[in-house]
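Numbering (our numbering), first residue to last: 9 to 329.
Written out below as structure tokens is the structure these notes cover.
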Ligand code: AHG
Ligand code: MN
Ligand code: MN
């Protein structure tokens with residue numbers, strides 16, 4: 009039986025980084041509790057407000073954001089915080105060494121239908137920069153010191169990396185501790201399972217149209233094999249499936265809003281998920297460059313995403329060259 013702290017200590021993780029991760033976990037246990045209460049906790053449904061990106065917030069988006077912010081602000085090793093649900097980053101502690109970026113509740117359209125959602129986090133070095141300034145946070149994904157997500161599903165799981173592999177911890181309901189249940193997970197290199205929101209097909213660019221058309225041809229097409237499709241509409245759940253049994257996940261650019269580079273956010277979704285995927289032997293790309301090489305220009309920047317099993321992602325990227 010290994011707790012997160014025990015595992016991270018064995019890996020040689022600095023105490024201050026362990027404390028920052030524990031602050032995320034403290035809040036996530038509270039979020040898990042409220043999700044379990046469901047309608048009895050009075051937290052389902054929509055809040056009467058929109059976030060900075062013009063998306064309607066769910067009550068639980070707002071609550072999860074507040075829980076994370078409070079826990080992180082109380083942690084002396086956290087210098088600053090940036091959230092998908094907030095306009096601007098906020099300074100936390102002058103003594104802090106880390107910037108913690110998060111998507112408090114990913115897949116929130118699934119809350120009211122009782123389908124898995126999650127909290128995604130990414131930890132960057134503060135490097136002595138001003139944590140109230142957006143520029144301090146604009147670091148490429150390869151600078152991440154840790155990334156992970158808590159998946160609120162039939163069981164509550166923590167999947168995380170500090171750059172030494174990807175480990176899975178399961179929340180023990182009787183003790184409230186995340187316990188190591190799988191270590192150093194590796195994604196199968198090939199797959200016959202893809203995930204994309206097919207309803208947007210007509211809006212995709214031509215390379216994506218061609219690639220998915222070839223997947224659908226099955227054993228009669230160039231792939232020479234039959235594919236299965238899944239779409240949960242919670243990125244955490246899709247990435248978790250891919251980390252468990254392989255697959256490819258895509259949220260490509262589409263022409264519905266041509267000025268937006270995609271739906272998903274580089275700093276809160278693209279980068280942390282890419283760190284996990286690559287640490288598990290997969291690949292992640294924006295279709296042109298490795299996701300974690302992208303130099304961010306805006307904290308809420310959006311990005312096309314293609315990630316998963318190595319050989320399949322390489323094939324998808326070839327269609328874009
Ligand atoms: P969020 O709930 O944080 O806004 O993110 C939802 C994301 C992601 O989890 C999922 O892959 C995607 O949106 C689903 O989008 P569609 O509803 O367009 O399928
Ligand atoms: Mn999200
Ligand atoms: Mn969200």
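Don't be surprised by glycine CBs; every beta carbon is placed ideally from N, CA and C.
Since this is a predicted model, take the numbers as computed values, not measurements.
beta-carbon residue i near ligand 2 non-hydrogen atom, thresh 7 angstroms
{"i": "residue 214", "result": "no"}
{"i": "residue 305", "result": "no"}
{"i": "residue 277", "result": "yes"}
{"i": "residue 7", "result": "Given a span of 9 to 329 for the chain in the structure shown, any question on residue 7 remains unanswerable."}
For residue j and residue i, believed in contact at Cβ under 8 angstroms, the rounded distance
{"i": "residue 109", "j": "residue 132", "result": "7 angstroms"}
{"i": "residue 185", "j": "residue 11", "result": "5 angstroms"}
{"i": "residue 291", "j": "residue 272", "result": "Contact flag wrong, Cβ pair sits at about 16 angstroms."}
{"i": "residue 45", "j": "residue 83", "result": "Contact flag wrong, Cβ pair sits at about 26 angstroms."}
{"i": "residue 14", "j": "residue 173", "result": "Not really, about 15 angstroms apart at Cβ, beyond 8 angstroms."}
{"i": "residue 111", "j": "residue 276", "result": "4 angstroms"}
{"i": "residue 348", "j": "residue 194", "result": "Here the chain covers residues 9 to 329 and nothing more, so residue 348 does not appear."}
{"i": "residue 159", "j": "residue 244", "result": "5 angstroms"}
{"i": "residue 142", "j": "residue 24", "result": "Wrong, their Cβ atoms sit about 23 angstroms apart, outside the cutoff."}
{"i": "residue 170", "j": "residue 21", "result": "5 angstroms"}
{"i": "residue 307", "j": "residue 155", "result": "Contact flag wrong, Cβ pair sits at about 16 angstroms."}
{"i": "residue 67", "j": "residue 52", "result": "7 angstroms"}
{"i": "residue 134", "j": "residue 127", "result": "That pair is no contact at about 21 angstroms."}
{"i": "residue 222", "j": "residue 216", "result": "Not a contact, Cβ separation roughly 11 angstroms."}
{"i": "residue 80", "j": "residue 40", "result": "In fact, because the Cβ distance is near 17 angstroms, the residues do not count as touching under 8 angstroms."}
{"i": "residue 247", "j": "residue 281", "result": "5 angstroms"}
{"i": "residue 262", "j": "residue 208", "result": "5 angstroms"}
{"i": "residue 99", "j": "residue 130", "result": "So it is not a contact: roughly 18 angstroms between Cβ atoms."}
{"i": "residue 5", "j": "residue 242", "result": "Not covered by the structure: residue 5. The range shown for the chain is 9 to 329."}
{"i": "residue 197", "j": "residue 103", "result": "Going by Cβ atoms, the distance from residue 197 to residue 103 rounds to 44 angstroms, so no, they are not a contact pair."}
Heavy atom of ligand 1 within 7 angstroms of residue i beta-carbon
{"i": "residue 37", "result": "no"}
{"i": "residue 272", "result": "yes"}
{"i": "residue 205", "result": "yes"}
{"i": "residue 201", "result": "no"}
{"i": "residue 106", "result": "no"}
{"i": "residue 246", "result": "yes"}
{"i": "residue 160", "result": "no"}
{"i": "residue 265", "result": "no"}
{"i": "residue 58", "result": "no"}
{"i": "residue 63", "result": "yes"}
{"i": "residue 157", "result": "no"}
{"i": "residue 327", "result": "no"}
{"i": "residue 259", "result": "yes"}
Closer than 7 angstroms: residue i CB and nearest ligand 5 heavy atom
{"i": "residue 159", "result": "Ligand 5 is not part of the structure shown, which contains ligand 1, ligand 2 and ligand 3 as its ligands."}
Taking 7 angstroms as the limit, tell me which residues put their C-beta closer than that to any heavy atom of ligand 3, in chain order. 69, 92, 93, 111, 112, 113, 114, 116
Does the region 303-310 touch the region 145-159, meaning 3 or more C-beta pairs lie closer than 8 angstroms? yes
Do three or more CB pairs link the region 223-241 to the region 179-190 at distances below 8 angstroms? no
Uninterrupted beta strand (DSSP E) stretches inside the region 107-167 (no shorter than 3 residues): 125-133, 154-160
Contact between the region 307-325 and the region 249-256 is defined here as three or more beta-carbon pairs at a separation below 8 angstroms; is this criterion met? Yes, the region 307-325 touches the region 249-256.
With three or more C-beta pairs closer than 8 angstroms as the rule, is the region 162-171 touching the region 212-222? Contact fails: fewer than three Cβ-Cβ distances are below 8 angstroms.
Identify every run of the beta strand (DSSP E) within the region 33-85, keeping only runs that are complete inside it and at least 3 residues long; order them along the chain. 54-58, 64-66
Contact the region 85-100 vs the region 192-207: 3+ CB pairs below 8 angstroms: no
For the region 60-76 and the region 28-44, state whether three or more C-beta atom pairs, one from each stretch, are separated by less than 8 angstroms. yes
In chain order, which beta strand (DSSP E) runs of at least 3 residues are fully inside the region 214-287? Entirely contained in the region 214-287, the beta strand (DSSP E) runs reaching 3 residues are, in chain order, 256-259.
Complete beta strand (DSSP E) runs within the region 181-220 (minimum length 3 residues, chain order): 185-190, 201-203
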